[in-house]
Amino acid sequence: MRIAAIDVGSNSIHLVVVETDALGNQRVLAREKHMVRLGRGLMKTGAIGPEAFQAGLESLALMAEVVRGLQCDTLLACGTAALREAANAQTFVREAARLGVPIRVISGEEEASLIYLAVSRAIPFPEVPSVLMDVGGGSTELTWLVAGRPEASVSIPWGIQRLADAVPTANPPTPADLVRVRKFLRKVVRKAQAGLPEDLPKTPVILATSGTLLDLAAGSGGQDTFDLDRLLAFKRRLWKTSSQARVAELGVDAKRAEVLHVGASWVACLMKWLGATQVRCLPVGLREGMVWQALARGGMALPVLGDRRRASVEALAAKLDPDPGHSRHVAYLADQLFTDLMPEFELGDPERELLGYAARLHDIGLSLSEKGHHKHGAYLITNAKLAGFWPAECEAIAQVVRYHRGKAPRMAHEAFAALKPWTRHVVEKLAAIVRVADALDRTRRQSVHQVRLDLSGDPVRLHLTGAGDLKPELESLKDKGRLLWRLLGREVEIVR
1 MRIAAIDVGS
11 NSIHLVVVET
21 DALGNQRVLA
31 REKHMVRLGR
41 GLMKTGAIGP
51 EAFQAGLESL
61 ALMAEVVRGL
71 QCDTLLACGT
81 AALREAANAQ
91 TFVREAARLG
101 VPIRVISGEE
111 EASLIYLAVS
121 RAIPFPEVPS
131 VLMDVGGGST
141 ELTWLVAGRP
151 EASVSIPWGI
161 QRLADAVPTA
171 NPPTPADLVR
181 VRKFLRKVVR
191 KAQAGLPEDL
201 PKTPVILATS
211 GTLLDLAAGS
221 GGQDTFDLDR
231 LLAFKRRLWK
241 TSSQARVAEL
251 GVDAKRAEVL
261 HVGASWVACL
271 MKWLGATQVR
281 CLPVGLREGM
291 VWQALARGGM
301 ALPVLGDRRR
311 ASVEALAAKL
321 DPDPGHSRHV
331 AYLADQLFTD
341 LMPEFELGDP
351 ERELLGYAAR
361 LHDIGLSLSE
371 KGHHKHGAYL
381 ITNAKLAGFW
391 PAECEAIAQV
401 VRYHRGKAPR
411 MAHEAFAALK
421 PWTRHVVEKL
431 AAIVRVADAL
441 DRTRRQSVHQ
451 VRLDLSGDPV
461 RLHLTGAGDL
471 KPELESLKDK
481 GRLLWRLLGR
491 EVEIVR
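The sequence shown: position 470 = 470 (full-length UniProt numbering), numbered continuously.
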């Protein structure tokens, strides 16, 4: 089944076309994005301007052609803030329908709900309280989450384009402009607070789903994550530069560059209000939520996130793993070792899950070449876009595969050094475990049936239960066990 979803926003119009199977697995066939700024000037005139009106219809006409060319079974289109409020919104909707794009204008609450649906199928929610945030051109949607469950939400009728229109700034902006914008933003936040429960928890993490936030992440020095200090430093830089300089230095869209400094101030203001120290940017949004809603309404039982993650890994393994019996047995042995090593290495269930995926995929690089297959495997995982994983999780899995053989992790390796300290800790430990598990199936006959580590004494005892003399496995263990033995800091005795 092919589903097309179009998000008609106040800044941009987005299209995604996906092909889904009976289990809900999705393959993206096309993406389109046109920045038409339907919401520009809406505060002053109350209507979509003639230029934006025409650009919006031209964008939808092009997207309709893409949808027809891909022979989609279903086309969905939702309009948000600009179409909720513009006096000529109904005229725009009628013209869009003539082009073959029937737009349904949704409330801010439904918008937030669809975004939550998309995110809940894309990534694991943090254990700490968090806020799901979508900053659009005409509105900002916030949903408070505790243990991944929505506790409260608010639709603030102010997005970046509307804020920029309400408080115009020079190009480049002046210090007086900054003072006026700060004052206005505080006023907007105070009004939003008035309609919320007083006992909402402080939220250290914001999960963000807009393109502007991705630009802020890139400018703040992170791929998809930034903290408040980095954002504030980047904000100061933006307020000292012209929009033309932002395009040249950052490579952002020229239209977005005109309002990016206001966007940085708005996000910083929200972070301070929410008590957030970190923003994580997600590659999903309203349109993905529309797809999941369509599948649910069609009678599909939506897969839980863990199933999507496993299905994504298994799909990649099915394409590239030359010996699934071996990789599954390595995962089985690695899991046994992990159980005994959890307290020693200070790891938990999230790391156990990543270990299982890395072990399952450790040999996919053989599909390209035996030589350097650990590096090939890491490359394949990094570029596979596994569904349901944070980018940092994908990189951790890739690096465990990278180090399942060959040289041990070291800071001289650029990709390893680029990881955060805790992720480096995890990668080193998990790679050591996969090395031992891989050695224990050296003949690929699954001769070792059980493995157990007794860490109570010195030396550590590695108990093996299996068939045959296990000579190839024990010989391989002399080399591949070195990293684990070094991390344990003790001699290891093999017990049969």
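Note that the Cβ used here is the ideal one computed from N, Cα and C, for glycine as well.
Whole angstroms is fine: what's the gap from residue i's alpha carbon to residue j's?
| i | j | result |
| --- | --- | --- |
| Phe125 | Leu60 | 34 Å |
| Arg490 | Pro459 | 6 Å |
| Gly136 | Ala412 | 41 Å |
| Gly79 | Arg98 | 16 Å |
| Leu163 | Gly377 | 46 Å |
| Glu85 | Val93 | 13 Å |
| Arg496 | Ala437 | 16 Å |
| Asp469 | Val448 | 10 Å |
| Ala296 | Phe338 | 37 Å |
| Gly299 | Ile3 | 15 Å |
| Gly325 | Ala147 | 36 Å |
| Arg104 | Ala82 | 13 Å |
| Phe184 | Ala30 | 39 Å |
| Arg328 | His374 | 17 Å |
| Val451 | Ile123 | 33 Å |
| Ala77 | Lys33 | 14 Å |
| Gly263 | Thr212 | 7 Å |
| Asn88 | Val284 | 29 Å |
| Arg149 | Tyr116 | 10 Å |
| Arg352 | Ser265 | 39 Å |
| Leu419 | Leu15 | 33 Å |
| Val400 | Pro391 | 14 Å |
| Arg182 | Ala432 | 51 Å |
| Ser242 | Gly251 | 13 Å |
| Ala334 | Glu393 | 18 Å |
| Thr91 | Glu428 | 60 Å |
| Thr45 | Arg424 | 54 Å |
| Thr74 | Ser12 | 22 Å |
Per DSSP, residue i forms a beta bridge with which residues?
| i | result |
| --- | --- |
| Thr465 | Gln450 |
| Met290 | According to DSSP, Met290 bridges with nothing at all. |
| Gln26 | Thr20 |
| Asp134 | Glu141 |
| Ile13 | Val8, His34 |
| Asp227 | Gln278 |
| Ala331 | Paired residue(s): none; Ala331 is not in a bridge. |
| Cys78 | Asp7, Arg104 |
| Arg149 | Val146 |
| Ala208 | Met133, Cys281 |
| Ile494 | Leu462 |
| Val313 | Paired residues: none, contrary to the question. |
| Ile156 | Thr140 |
If residue i and residue j are in contact, beta carbons under 8 Å, what's the gap, nearest whole angstrom?
| i | j | result |
| --- | --- | --- |
| Glu58 | Gly108 | Wrong, their Cβ atoms sit about 27 Å apart, outside the cutoff. |
| Leu361 | Pro322 | The Cβ separation is near 12 Å, so there is no contact. |
| residue 505 | Val167 | Absent from the structure is residue 505, since the part of the chain shown begins at 1 and ends at 496. |
| Ile206 | Leu145 | The pair is not a contact, with the Cβ atoms about 10 Å apart (cut-off 8 Å). |
| Leu453 | Leu354 | In fact, because the Cβ distance is near 19 Å, the residues do not count as touching under 8 Å. |
| Ala359 | Val313 | At roughly 10 Å, the Cβ-Cβ gap does not stay under 8 Å, so Ala359 and Val313 are not in contact. |
| Val36 | Ala55 | 4 Å |
| Ile48 | Leu38 | 5 Å |
| Val101 | Ala64 | 5 Å |
| Val247 | Leu347 | With 8 Å as the limit, Val247 and Leu347 do not qualify as a contact, their Cβ atoms being about 45 Å apart. |
| Ala152 | Pro201 | Rounded, the Cβ-Cβ distance is 10 Å, inconsistent with contact. |
| Arg40 | Asp165 | 7 Å |
| Leu464 | Glu493 | At roughly 11 Å, the Cβ-Cβ gap does not stay under 8 Å, so Leu464 and Glu493 are not in contact. |
For residue i, which residues of its own chain have a beta-carbon under 7 Å away from its beta-carbon, when the five flanking residues on both sides are left out?
| i | result |
| --- | --- |
| Lys239 | Before going on, a small fix: residue 239 reads as Trp here, not Lys. Cβ within range, chain order: Pro173, Leu178, His261. |
| Ala408 | Leu483 |
| Ala384 | Leu316 |
| Asp340 | Arg452, Leu453, Leu455 |
Looking only at its chain, what residues have a beta carbon closer than 8 Å to the beta carbon of residue i, apart from the 5 residues adjacent to it on each side?
| i | result |
| --- | --- |
| Thr443 | Pro472, Glu473 |
| Glu344 | Leu455, Leu488 |
| Ala439 | Glu473, Ser476, Leu477, Asp479, Lys480, Gly481 |
| Cys72 | Arg2, Ile3, Ala4, Val17 |
Note down, in chain order, each residue of its chain lying with its Cβ closer than 6 Å to the Cβ of residue i, except the 5 sequence neighbours on either side.
| i | result |
| --- | --- |
| Glu288 | Ala118 |
| Ala417 | Met411 |
| Leu380 | Ile364 |
| Ser220 | Phe226, Arg230, Leu231, Phe234 |
| Ala398 | Ala378, Ile381, Thr382 |
| Leu386 | Ser312, Cys394 |
State yes or no: is the beta carbon of residue i nearer than 7 Å to at least one beta carbon in chain D?
| i | result |
| --- | --- |
| Ser476 | Of the chains in the structure shown, none is chain D; there is only one protein chain. |
How about the region 247-263 and the region 106-122: do they share at least three Cβ pairs that are nearer than 8 Å?
-> no
Meets three-Cβ-pair contact criterion under 8 Å: the region 215-229 and the region 262-272 = yes
State whether the region 126-135 contacts the region 205-220, with contact taken as three or more CB pairs (one from each stretch) at a distance under 8 Å.
-> yes
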